[in-house]
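Asks:
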Amino acid sequence: MLQNITSSGKKATRDGFGDGLFEVAQANPKVVALCADLIGSLKMEKFIEYCPERFFQVGIAEANMMGIAAGLATAGKIPYTGTFANFSTGRVYDQIRQSIAYSDKNVKICASHAGLTLGEDGATHQILEDIGLMKMLPGMTVINPCDYNQTKLATIAIANHEGPVYLRFGRPAWPMFTEGMPFEIGKALLMSEGSDVTIFATGHLVWEAVEAAKSLAEQGISVELINIHTIKPLDEAAVLASAAKTKAVVTAEEHNYLGGMGESIAGLLARKLPTPMEMVAVNDSFGESGEVPKLLEKYGLKAVNIENAVKAVLARK
Amino acid sequence: MADIQELKKIASQVRRDIIRMVHAPQSGHPGGSLGCVEFFTALYMGGVMNHNSNFNMDGKNEDVFILSNGHISPVWYSVLARSGYFPVAELATFRRLNSRLQGHPATHEHLPGIRVASGSLGQGLSVAIGMALSKKLDGDKHLMYVLTGDGELQEGQVWEAAMFAAHHKVDNLIVTVDWNGQQIDGPNEKVMSLGDLEGKWRSFGWDVMHNENGNDMQSVLDAFAAAKTKTGQGKPVVVLMKTEMGYGVDYMVGTHDWHGKAPNDALAEKALAQLEETLGDY
């Protein structure tokens with residue numbers, strides 16, 4: 004029920020990573036962690052305190068970090084790398100491509116401060132292309148959880164998934180609303196059933212989609228809200244089933260529309276079930292410095308933008 | 002473990018394999034491969050490494066080698082095959098469609114002996130450090146060996162890794178630099194000088210050793226033996242190994258012209274005439 008999805012307070016998704024990493028460290032002695040001079044930002048302190056011998060500070064040298072992680076994985080460890088999303092992807096793309104993805108290494112690339120919600124640091128750090136970069140690599144799993152709890156569950160779940168994973172999360176305190184909801188890699192999470200339109204949302208924008216769906220319900224529009232936390236492999240069956248049911252689709256993500264989740268869904272629907280569709284995403288631009296709510300407003304990623312996209316797609320139905 | 006005379010015979014056969022491997026598809030890198038024949042033969046067949054040709058990816062409880070300059074794959078493939086990792090006959094598939102012997106080494110096709118893809122340069126040392134750290138965590142006393150090219154040292158990641166290894170006292174690691182002084186566009190000195198190479202490694206905190214003749218089997222064996230005595234003392238070890246690109250084939254030696262070019266029929270025949278068939282061609 005849509006009305007039952009409420010925020011129980013705010014906490015950053017990166018806190019979910021830190022707490023999940025601490026938990027998985029206790030459960031699995033093969034788990035090791037690396038960081039490129041951003042321990043506090045990635046919330047890795049508890050892991051380091053618990054098992055300092057399993058932590059490797061690599062300094063500001065992300066390319067080397069990816070290679071070392073590949074070596075640790077080769078020897079049977081489960082390495083988690085921690086740095087900002089920009090430095091986890093674009094900066095080290097070739098290292099990930101050759102030493103990790105092509106070499107089938109069981110490395111967990113954990114990336115904080117993704118997207119516009121990094122805020123004031125501006126476009127040098129606000130990567131909006133990372134999902135596209137990572138989903139293009141054969142064999143890479145791409146996960147973009149939506150709140151503290153889901154990030155924690157994802158951080159724990161990826162230890163038991165054999166193969167390279169890109170786990171994307173963010174900086175700001177964000178509403179928590181998925182407590183008690185399950186998390187399974189590759190399985191879309193149905194948050195609310197509806198009949199007029201489906202919203203597929205990922206990451207921070209799931210909360211904006213919840214608010215949009217509630218507002219639309221008051222206007223008599225029934226929204227099916229589906230959380231796509233795993234962008235690759237995409238839960239094609241869930242996407243197709245919902246699109247077949249509502250016959251109208253909106254996607255919402257904190258990423259360039261080129262290369263994002265929306266593009267993956269559009270590609271699937273174009274091949275299997277052509278459906279009217281609108282995308283809420285960044286319109287092929289870089290970000291800029293600013294406060295998070297104002298950034299989301301300027302770049303069209305608020306609940307109101309999702310509402311408008313729903314109305315636009317319903318008009319095309 | 003083969004004695005020095007046997008190792009020299011093996012080296013001659015490995016050189017034949019290299020010429021034949023690149024000649025058949027008219028593709029590959031004979032120059033650097035020929036220059037590193039003594040290094041690979043000593044490493045795998047001269048008792049330097051304690052390794053298991055019944056391949057395990059994780060390399061636990063054995064010495065492990067990582068090739069960073071992956072383009073010299075022919076010499077590695079030949080020595081792996083001649084060491085029993087996979088059938089020698091498979092060398093005939095090098096660079097062909099559906100082969101496990103990719104142009105540059107890869108794990109994707111599950112070729113025994115390969116633990117990480119290489120070819121895009123500068124990455125192997127980092128990977129070896131990761132495996133070295135894992136050995137330390139597991140209390141495994143075996144060593145990690147790495148080969149890098151000299152031109153490859155122009156990649157920044159190598160120096161990130163060099164700094165890390167010294168800082169974290171990764172002293173179960175022996176890196177060898179194939180210092181033939183050549184790269185694709187010409188001599189290192191002309192393309193991008195490596196400057197004071199010994200001073201660079203030393204200032205990064207490494208124990209620096211020299212092998213002045215990487216194409217002399219005894220010199221290579223001695224260099225490995227000396228390098229081993231330096232492990233376990235809080236510092237990573239690098240051996241600066243002088244080799245000649247194209248060694249063993251008169252018209253290929255000492256020039257970068259044969260870095261990435263295969264000989265035609267006549268030149269292949271000319272090269273093979275200089276290299277004794279000692280173990281039987283594949």
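Going down the list, the protein sequences come from chains H and F.
Add 3 to a position in the first sequence, counting from 1, and you land on the number used in this note's numbering.
Add 1 to a position in the second sequence, counting from 1, and you land on the number used in this note's numbering.
Think of the CB as a built atom: it goes at the ideal place given N, C-alpha and C, for glycine as much as any other residue.
Computed from a predicted structure; not experimentally measured.
Would you list, in chain order, the members of the region 94-117 of chain F that have their beta-carbon closer than 7 Å to a beta-carbon of chain H?
Replies: From the region 94-117 of chain F, only Ala107, Thr108, His109, Arg116, Val117 have a Cβ closer than 7 Å to chain H.
Asks: Here's a check: name, in chain order, each residue in its chain whose Cβ is nearer than 6 Å to the Cβ of Val49(F), leaving out the five neighbours to either side.
Replies: Excluding positions up to five away in sequence, the list reads Ala43, Phe225.
Asks: Mark Asn216(F) as exposed unless 16 or more other C-beta atoms lie within 10 angstroms of its C-beta, in which case mark it buried.
Replies: That one is buried.
Asks: Roughly how many angstroms separate the alpha carbons of Arg174(H) and Ala15(H), rounded to a whole number?
Replies: Cα to Cα, the separation comes out at about 6 Å.
Asks: For the region 84-107 of chain H, enumerate the residues whose C-beta is nearer than 7 Å to any C-beta of chain F, in chain order.
Replies: Going along the region 84-107 of chain H in chain order, one finds Asp97, Gln98, Gln101, Ser102, Tyr105, Ser106, Asp107 with a Cβ nearer than 7 Å to chain F.
Asks: Hey, out of Arg17(H), Glu239(H), Lys190(H), whose CA is closest to Asn152(H)'s CA?
Replies: The shortest Cα separation from Asn152(H) among Arg17(H), Glu239(H), Lys190(H) belongs to Arg17(H).
Asks: Please report the residue range of the alpha helix (DSSP H) in which Asn308(H) lies.
Replies: Note, Asn308(H): alpha helix (DSSP H), 306-319.
Asks: For Thr205(H), verify whether its CB is less than 8 Å away from any heavy atom of the ligand PLP.
Replies: This structure lacks the ligand PLP, and indeed carries no ligand of any kind.
Asks: So that I know if they touch, is there some Cβ in chain F lying closer than 9 Å to that of Phe59(H)?
Replies: It does: the Cβ of Phe59(H) has a partner Cβ on chain F nearer than 9 Å.
Asks: Leaving aside the five residues before and after Asn308(H) along the sequence, list all residues of the same chain whose C-beta is less than 6 Å from its C-beta, in chain order.
Replies: Cβ neighbours of Asn308(H) beyond the five flanking positions: Val283.
Asks: Note down, in chain order, every chain H residue with its Cβ under 8 Å from the Cβ of Val128(F).
Replies: The contacting residues are Gly70, Ile71, Ala73, Gly74, Thr77, Ser102.
Asks: Could you tell me the boundaries of the beta strand (DSSP E) in which Met290(F) lies?
Replies: A query on residue 290(F) cannot be resolved here, the shown segment of chain F reaching from 2 to 283 and no further.
Asks: Could you pull the DSSP bridge partners for Leu37(H) from this structure?
Replies: Leu37(H) pairs with Phe59(H), Thr84(H).
Asks: At the level of alpha carbons, what is the spacing between Cys38(H) and Thr86(H)?
Replies: Approximately 6 Å, taken between the alpha carbons.
Asks: Comparing the C-beta of Leu68(F) with each C-beta of chain H, is any distance below 9 Å?
Replies: Not one chain H Cβ lies under 9 Å of Leu68(F).
Asks: Establish whether the CB of Pro167(H) and some CB of chain F are separated by less than 9 Å.
Replies: No, its Cβ sits nowhere closer than 9 Å to a Cβ of chain F.
Asks: So, is the C-beta of Asn59(F) closer than 9 Å to a C-beta in chain H?
Replies: Note on residue identity: the sequence assigns Asp, not Asn, to residue 59(F). Yes, contact with chain H.
Asks: Measuring only between beta-carbons, confirm whether Ala66(H) sits less than 9 Å from chain F.
Replies: Yes, its Cβ sits closer than 9 Å to a Cβ of chain F.
Asks: Measuring CB to CB, does Leu148(F) end up less than 9 Å from Leu68(F)?
Replies: Cβ atoms of Leu148(F) and Leu68(F): closer than 9 Å.
Asks: In the DSSP assignment, the alpha helix (DSSP H) including Arg17(F) goes from what residue to what residue?
Replies: Start and end: 5-24.
Asks: Suppose you measure from the CA of Met264(H) to the CA of Leu75(H); what does that come to, to the nearest Å?
Replies: When rounded, the distance between both Cα atoms is 31 Å.
Asks: Does any residue of chain F have a CB that is nearer than 9 Å to the CB of Gly62(H)?
Replies: Chain F, which has a Cβ nearer than 9 Å to the Cβ of Gly62(H), makes this yes.
Asks: Of all Cβ atoms in chain H, is any one closer than 9 Å to the Cβ of Met50(F)?
Replies: Answer no: the Cβ-Cβ gap between Met50(F) and chain H never drops below 9 Å.
Asks: Run down chain F in chain order and give the residues with a C-beta less than 8 Å from the C-beta of Glu56(H).
Replies: Under the 8 Å cutoff, chain F gives Leu138.
Asks: Quick one: which chain F residues come within Cβ less than 7 Å of Lys46(H)?
Replies: Going along chain F, no residue has its Cβ under 7 Å from Lys46(H), so there is no contact; the nearest lies around 23 Å.
Asks: Compare the beta carbon distance of Gly166(H) and Thr144(H) with 9 Å and say whether it is the shorter of the two.
Replies: In this structure, Thr144(H) lies closer than 9 Å to Gly166(H) by Cβ.
Asks: Output the boundary residues of the alpha helix (DSSP H) element that contains Arg274(H).
Replies: Segment 264-275, the alpha helix (DSSP H) holding Arg274(H).
Asks: Provide the residue span of the beta strand (DSSP E) that contains Tyr45(F), from first to last.
Replies: Run containing Tyr45(F): none in the beta strand (DSSP E); it sits in the alpha helix (DSSP H), 38-46.
Asks: Tell me whether the beta-carbon of Tyr78(F) lies closer than 9 Å to the beta-carbon of Phe56(F).
Replies: Going by C-beta atoms, Tyr78(F) is not nearer than 9 Å to Phe56(F).
Asks: Would you mind telling me which residues of chain F sit closer than 7 Å to Lys80(H), beta carbon to beta carbon, in chain order?
Replies: Those are Ser135, listed as they occur along chain F.
Asks: Please list the residues of the region 144-174 of chain F that have a C-beta atom closer than 8 Å to any C-beta atom in chain H, keeping them in chain order.
Replies: The region 144-174 of chain F vs chain H, Cβ under 8 Å: Gly157, Gln158, Glu161, Ala162, Met164, Phe165, His168, His169.
Asks: Val35(H) CB to nearest chain F CB: under 9 Å?
Replies: Chain F, which has a Cβ nearer than 9 Å to the Cβ of Val35(H), makes this yes.
Asks: Is the beta carbon of Gly104(F) less than 9 Å from the beta carbon of Gly29(F)?
Replies: Cβ atoms of Gly104(F) and Gly29(F): closer than 9 Å.
Asks: Relative to the C-alpha of Gln6(F), which residue among Ala272(F), Lys231(F), Leu222(F), Gly233(F) is closest?
Replies: Comparing Cα-Cα distances from Gln6(F) to each of Ala272(F), Lys231(F), Leu222(F), Gly233(F), the minimum goes to Leu222(F).
Asks: Which two residues bound the contiguous beta strand (DSSP E) that contains Pro75(F)?
Replies: It is not in any beta strand (DSSP E) - Pro75(F) instead sits in the alpha helix (DSSP H) that spans 74-83.
Asks: If we cut at 9 Å on Cβ distances, does Gly131(F) have a partner in chain H?
Replies: Answer yes: the Cβ-Cβ gap between Gly131(F) and chain H drops below 9 Å somewhere.
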